[in-house]
Amino acid sequence: DTGVSQNPRHKITKRGQNVTFRCDPISEHNRLYWYRQTLGQGPEFLTYFQNEAQLEKSRLLSDRFSAERPKGSFSTLEIQRTEQGDSAMYLCASSLAGGARGQPQHFGDGTRLSIL
Amino acid sequence: GNSVTQMEGPVTLSEEAFLTINCTYTATGYPSLFWYVQYPGEGLQLLLKATKADDKGSNKGFEATYRKETTSFHLEKGSVQVSDSAVYFCALVGVGGTSYGKLTFGQGTILTVHP
């Protein structure tokens, strides 16, 4: 169990550029979640995958955001035409499926996005 | 919708002091409740959990009891250490519907422990 891995750890970009983050979940986990955390706040849910299917998207996820999990393993989160308000820590978590309440989620160290 | 409210922070304590961080929630039905901890520069780690009323979660000397009547899940530790300095998040997972296990977090409480 190598844990959830996120890359890059830190991304600095100019406003208007596109960025892509990657998340590698724990290998046997079929659920994968993306959260966004701004300074001084708790993480907020963005989207969720079970295997390769994206089953839920938060209203926080504007049309500029897209997430994929093409083979049910790693996932990517892309932000197009970045804005100042996109500056945040983007967290990925994974878990096993099962149970009405879900299984404990394991988090990566996050990707910190800074928009200049 | 679901929501979690944590006590205002930050909290500053001396080593070996008693810790309480208050957490209350709003949710339909019987959510599962969690405390996560975030050390500087790291991701969130699950500290403890409780899945039904009156359950007590415990880990590393921390405890929290699921109180349905007061919709609370306060975190306590009898004697804190400098190494406990971190940000603590209370969170819940709703039951059924389209929850799919997604977490709803409180705003976090910064704990600083001085020697």
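Protein chains in written order, with the numbering used here: chain A, 5 to 120; chain B, -16 to 98.
Idealized CB from N, CA, C, for every residue including glycine.
For residue j and residue i, the rounded distance between their alpha carbons
i	j	result
Arg85(A)	Gln21(A)	5 Å
Asp90(A)	Gly44(B)	37 Å
Asn67(A)	Thr51(A)	Here residue 67(A) is Asp; the residue named in the question, Asn, does not match the sequence. Cα to Cα, Asp67(A) sits roughly 13 Å from Thr51(A).
Trp38(A)	Ile119(A)	19 Å
Asn55(A)	His97(B)	45 Å
Gly112(A)	Glu(-1)(B)	31 Å
Ser122(A)	Gln109(A)	Residue 122(A) is absent from the structure shown; chain A starts at 5 and stops at 120.
His14(A)	Arg40(A)	14 Å
Thr7(B)	Pro12(A)	35 Å
Thr9(B)	Gln45(A)	18 Å
Val63(B)	Ser(-3)(B)	8 Å
Thr95(B)	Asn34(A)	36 Å
Lys85(B)	Ser62(A)	11 Å
Per-residue contacts from residue i into chain A (C-beta, under 8 Å)
i	result
Glu25(B)	Asp113
Cutoff 6 Å; reference residue i; Cβ partners in own chain excluding five residues on either side
i	result
Phe125(A)	Only positions 5 to 120 of chain A appear in this structure, which leaves residue 125(A) out of reach.
Gly131(A)	The question about residue 131(A) has no answer here: the residues shown for chain A are numbered 5 through 120.
Ala36(B)	Tyr49, Lys51
Gly40(B)	Leu31, Lys32, Ala33, Ala47
Leu16(B)	Ala33, Tyr49, Phe56, Leu75
Leu27(B)	Tyr19, Gln21
Gly76(A)	Asn55, Glu56
Any non-hydrogen atom of the ligand HEM closer than 7 Å to residue i Cβ
i	result
Cys73(B)	With respect to the ligand HEM, the structure offers nothing, as it holds no ligand at all.
N- and C-terminal bounds of the beta strand (DSSP E) containing residue i
i	result
Glu82(A)	79 to 83
Ala33(B)	27 to 33
Lys15(A)	14 to 17
Val96(B)	92 to 97
Gly40(B)	39 to 42
Leu117(A)	115 to 119
Ile30(A)	Here Ile30(A) belongs to no beta strand (DSSP E), and DSSP marks it neither H nor E.
Gln10(A)	9 to 11
Ala71(A)	69 to 72
Neighbourhood of residue i by C-beta distance below 8 Å, restricted to the same chain and skipping five residues each side
i	result
Gly91(B)	Gln(-11), Gly(-8), Gln21, Val70, Tyr71, Phe72
Val65(B)	Glu(-2), Val96, His97, Pro98
Thr17(A)	Val23, Thr86, Leu117, Ser118, Ile119, Leu120
Ile30(A)	Asp5, Thr6, Gly7, Val8, Ser98, His110
Proximal residues of chain A, C-beta to C-beta of residue i below 9 Å
i	result
Lys43(B)	The premise fails here: Lys43(B) is roughly 16 Å from chain A at the closest Cβ pair, so nothing lies under 9 Å.
Phe72(B)	Gly46, Pro47
Leu29(B)	Pro108, Gln109, His110, Phe111
Interface partners of residue i on chain A, CB under 7 Å
i	result
Lys32(B)	Pro108
Partners in chain B for residue i, counting only beta-carbon separations shorter than 9 Å
i	result
Phe25(A)	Neighbours of Phe25(A) on chain B: none; closest Cβ ~13 Å, over 9 Å.
Beta-carbon contacts of residue i that lie in its chain and below 7 Å, excluding the five residues immediately before and after
i	result
Gln88(A)	Arg19, Ile119
Glu60(A)	Thr51, Tyr52
Task: Near-chain B residues of the region 16 to 46 of chain A (beta-carbon distance less than 9 Å), N- to C-terminal order - done: Arg35, Tyr37, Tyr39, Gln41, Gly44, Gln45, Gly46
| request: Compile a chain-ordered list of the residues in the region 66 to 93 of chain A whose CB is closer than 8 Å to at least one CB of chain B. | output: Residues of the region 66 to 93 of chain A with a C-beta less than 8 Å from any C-beta of chain B: none at all.
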